[in-house]
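Residue numbering for the sequence shown follows my numbering, starting at -9 and increasing by one per position.
Each residue gets a CB set at the ideal place from its N, CA and C atoms; glycine is no exception.
Worksheet: the structure to be examined is printed underneath.
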Amino acid sequence: MSGTQVRKSITFDPASKQTADTQWLQAFVGDEHVGKTIGQLRSRIENRLQFLLETEEYAPPNLLSAMSHALLGGGKRFRPLIFVMTVNRGDCLNASIDIGCALEMVHTASLILDDLPCMDDAELRRGKPTTHKAFGQATAILAAISLLTLGIRIISTVEGVSDHARARMAAVLSHAVGHTGLAAGQEIDLGGVSGTSLDVEQKNWLKTGKLFAAMADMASILSQRPVQQEAALTEFAFHVGSAFQALDDLMDAIAGTSVLGKDSGKDAERNTMVNEKGEAATRQSYIDHLHAANFALRHCGVEEEPIRFMLRSIHWLVPSEAQARAEMQPNINGGN
-9 MSGTQVRKSI TFDPASKQTA DTQWLQAFVG DEHVGKTIGQ LRSRIENRLQ FLLETEEYAP
51 PNLLSAMSHA LLGGGKRFRP LIFVMTVNRG DCLNASIDIG CALEMVHTAS LILDDLPCMD
111 DAELRRGKPT THKAFGQATA ILAAISLLTL GIRIISTVEG VSDHARARMA AVLSHAVGHT
171 GLAAGQEIDL GGVSGTSLDV EQKNWLKTGK LFAAMADMAS ILSQRPVQQE AALTEFAFHV
231 GSAFQALDDL MDAIAGTSVL GKDSGKDAER NTMVNEKGEA ATRQSYIDHL HAANFALRHC
291 GVEEEPIRFM LRSIHWLVPS EAQARAEMQP NINGGN
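In structure tokens, the structure reads:
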């Protein structure tokens, strides 16, 4: 998958979206049972995250506190949950949980850096003060470095996985977050790059989509899935990553801080999909990619309904256009 081009879907044509099955986005009776099962898995992931932060070696208490502040007690855990569910092998459960936790650490490290004054200058993340607000910029940067390197180390040493598979997964993840992946997308988001033809969706792919693609590649490596299922999972990851960034652009523009749990309106002057194409087109892009992800999911060789539940749980957060405007009205009028 190229970092300089938007990958085009080979299984779903957005032009035919009017024929797509949209019923899966609605709640149904089975959600309660599936939700309980996912809740149990999430609790297991939370406990494991806390355990993996513990160390017998000396680490400065303030640095550990900053890492815990950023990593624990918040977040939907969408990435580790999706990763574990796409591995879909009982004999790999413990390994997939640890790798999912490592992915969450890497993602959290990127959020710490994204919130810094030199980038988004954010005050809130996951409903609490950002790491640099709580611990200072220097400790926040060190916490991000520590979480990133800890995540890579966990993948490199995870038990129950061959040396070859561990090396491949570590290489995939480090490539996704480096200067041709997430870091590249963030650099372009901050200041743009002259002399390139990258559009907003290509920038979004670097910033958000590449990590989802890495998750798919790592799940295929761990589960040793057939080529056709591997291709479908790559397709699924492309559309989930694209939907997530379109959703992030949309929510920053239309949702208030109380909904987001973080500062809103930070992208007002940036090259986002909302600013380039408008709210309606961004909302439609998000929906199209969500439907395309659901279409690809059928061919991934995984238990589909728990993953659909996760996608629905994210979709339910999106306010309608009328709700969004009503929520933003107090800000327009000078209220809280």
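- Rounded Cβ spacing between I145 and M159 (contact assumed at less than 8 Å): The count along the sequence shown starts at 1 and reaches residue 145 at position 155. The count along the sequence shown starts at 1 and reaches residue 159 at position 169. Rounded, the Cβ-Cβ distance is 5 Å, consistent with contact.
- Message: Can you look up K66 in the DSSP assignment and give me helix, strand or coil?
- Response: Translated into positions along the sequence shown, residue 66 becomes position 76. Looking at K66 - three-state DSSP - the assignment turns out to be coil, as it is neither helix nor strand.
- Segment limits, alpha helix (DSSP H) that includes M331: Within the shown structure, residues of the chain are numbered from -9 to 326, placing residue 331 beyond reach of any answer.
- Beta-carbon proximity of A130 to A56, cut-off 9 Å: Sequence index remark: in the sequence shown, residue 130 carries index 140 (1-based). Sequence index remark: in the sequence shown, residue 56 carries index 66 (1-based). Yes. Within cutoff.
- Message: Taking the straight line between their C-alpha atoms, what separation do you get for M109 and C91?
- Response: Within the sequence shown, the letter at position 119 stands for residue 109. Within the sequence shown, the letter at position 101 stands for residue 91. When rounded, the distance between both Cα atoms is 25 Å.
- Query: According to the neighbour-count rule (16 or more other Cβ atoms, all chains shown, within 10 Å of its Cβ), is F226 buried or exposed?
  - Reply: The residue you call residue 226 lines up with position 236 of the sequence shown. When all chains shown are included, F226 counts as buried.
- Query: Got a sec? Which residues, its chain only, sit under 7 Å from L39 by beta carbon, not counting five neighbours each side?
  - Reply: Against the sequence shown, residue 39 aligns to sequence position 49. Excluding residues within five positions, the ones whose Cβ falls inside 7 Å are L61, L62, C91 and E94.
- Item | Which of helix, strand or coil DSSP assigns to P216 | In the sequence shown, residue 216 corresponds to position 226, counting from 1. The answer is coil: DSSP assigns P216 none of H, G, I, E or B.
- How many Å lie between N261 and D239 at the Cα? Residue numbering aside, residue 261 sits at position 271 when the sequence shown is read from its first letter. Residue numbering aside, residue 239 sits at position 249 when the sequence shown is read from its first letter. Rounded to the nearest angstrom, the two C-alpha atoms are 10 Å apart.
- Could you check where the alpha helix (DSSP H) with T198 kicks off and where it finishes? Position 208 of the sequence shown holds residue 198. Premise fails: T198 is in no alpha helix (DSSP H) and is neither H nor E.
- Message: Helix, strand or coil, according to DSSP, for L114 in the structure here?
- Response: Along the sequence shown, one-based indexing puts residue 114 at 124. Note: L114 maps to strand in three-state DSSP.
- Consult DSSP for P107 and reduce its assignment to one of helix, strand or coil. If you number the sequence shown from 1, residue 107 lands on position 117. Of the three classes helix, strand and coil, the one that applies to P107 here is coil, per DSSP.
- Message: Among the candidates D278, I135, E269 and G291, whose CA atom is the shortest distance from the CA of A245?
- Response: Residue 245 sits at position 255 when you count from the first residue of the sequence shown. Of D278, I135, E269 and G291, the residue nearest in Cα terms is E269.
- Message: Considering only their Cβ atoms, is the gap separating G291 from A203 smaller than 9 Å?
- Response: In the sequence shown, counting from the first residue as 1, residue 203 sits at position 213. In the sequence shown, counting from the first residue as 1, residue 291 sits at position 301. Going by C-beta atoms, A203 is not nearer than 9 Å to G291.
- Query: Looking at A99 and L42, is the spacing between their C-beta atoms short of 9 Å?
  - Reply: As a position in the sequence shown, residue 42 is number 52, starting the count at 1. As a position in the sequence shown, residue 99 is number 109, starting the count at 1. Going by C-beta atoms, L42 is not nearer than 9 Å to A99.
- Query: Leaving out five residues before and five after T272 in sequence, what residues of the same chain have Cβ atoms less than 7 Å from its Cβ?
  - Reply: Taking the first residue of the sequence shown as position 1, residue 272 is located at position 282. Same-chain partners within the cutoff: A236, D239, L240, M263 and V264.
- Which of the three DSSP states, helix, strand or coil, is assigned to P329? The requested residue 329 does not occur in the structure, where the chain is confined to residues -9 to 326.
- Message: Under DSSP, the alpha helix (DSSP H) around K79 begins and ends at which residues?
- Response: On the sequence shown, position 89 is the one that residue 79 refers to. Looking at the sequence itself, residue 79 is Arg, so the reference to Lys does not match. That residue, R79, is in no alpha helix (DSSP H); it is neither H nor E in DSSP.
- Message: Is it buried or exposed, P70, if we count other Cβ atoms within 10 angstroms and call 16 or more buried?
- Response: Numbered from 1 along the sequence shown, position 80 holds the residue referred to as residue 70. P70 is buried by the Cβ-count criterion.
- Message: With a threshold of 8 Å (Cβ to nearest heavy atom), would G141 be considered close to the ligand ATP?
- Response: With respect to the ligand ATP, the structure shown offers nothing to examine, as it has no ligands at all.
- Return the first residue and the last residue of the alpha helix (DSSP H) that G150 is part of. As a first step, residue 150 is located in the sequence shown; it is residue number 160 there, counting from the start. That residue, G150, is in no alpha helix (DSSP H); it is neither H nor E in DSSP.
- If S232 sits next to W195, beta carbons under 8 Å apart, how far is it from one beta carbon to the other, in whole angstroms? Locating residue 232 in the sequence shown gives position 242, where the first residue counts as 1. Locating residue 195 in the sequence shown gives position 205, where the first residue counts as 1. At roughly 7 Å, the Cβ-Cβ gap stays under 8 Å, so S232 and W195 are in contact.
- Task: Determine the contact status of K118 and S303, defining contact as a CB-CB distance below 9 Å.
- Result: The residue you call residue 118 lines up with position 128 of the sequence shown. The residue you call residue 303 lines up with position 313 of the sequence shown. For K118 and S303, no; Cβs fall outside 9 Å.
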